[in-house]
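Everything below concerns the one structure shown next.
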Amino acid sequence: MKENFYHGILLGLLAFMDGWLVKSNTESGEGYSDISIEIRQQDIGIVIEIKYAENGTFEAGCKEALRQIHERRYESVLIENGIHTIYRYGIACYKKRCKVMSETFETEGET
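Residue numbers (the working numbering): 5 to 115.
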């Protein structure tokens, strides 16, 4: 439940991005991703998973978030929607600090 606070802040920041389709807790792959974003004009998708880093375990929280994105295949809906470049972000938050780890995933196919 502690990660809901950080989730809400991030959603508020992303909600006003022009041309971005921002979704929260939507079904994707084998679960529900925290935040997924489609930027159709640029053929970019973003999957964000947020973890609460108990006692400041930022590195472990980020790695766990990225592992969850992989294992549950959260980018699958973006791929089905024709997105070819996908950024995965694992974010670990604790008190007033956070750490972000990212990966890029390129799908194959015609543009």
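All C-beta atoms, glycine included, are put in the ideal place defined by N, C-alpha and C.
Let me know if residue i comes out buried or exposed under the rule of 16 or more other beta-carbons within 10 Å of its beta-carbon.
i: Tyr93; result: buried
i: Lys6; result: exposed
i: Thr115; result: Confidence in Thr115 is poor, its pLDDT being 42 and thus under 50, which makes the residue's placement too unreliable to answer from.
i: Thr108; result: exposed
i: Gly23; result: exposed
i: Lys55; result: buried
i: Tyr78; result: buried
i: Gly49; result: buried
i: Leu25; result: exposed
i: Ser37; result: buried
Following the continuous beta strand (DSSP E) through residue i, name the residue where it begins and the one where it ends.
i: Lys103; result: 101-110
i: Lys27; result: 25-32
Across which residues does DSSP place residue i in a beta bridge pair?
i: Val51; result: Ser40, Arg92
i: Cys97; result: Tyr56, Cys102
i: Gly35; result: Ser32
Three-state secondary structure (DSSP) at residue i?
i: Tyr78; result: coil
i: Lys67; result: helix
Which residue comes first and which comes last in the alpha helix (DSSP H) that contains residue i?
i: Gly86; result: First-last for Gly86: undefined, no H or E at that position.
i: Phe20; result: First-last for Phe20: undefined, no H or E at that position.
What I want to know is whether the C-beta of residue i ends up closer than 7 Å to one or more non-hydrogen atoms of the ligand NAD.
i: Ile41; result: You won't find the ligand NAD in this model; it holds no ligand whatsoever.
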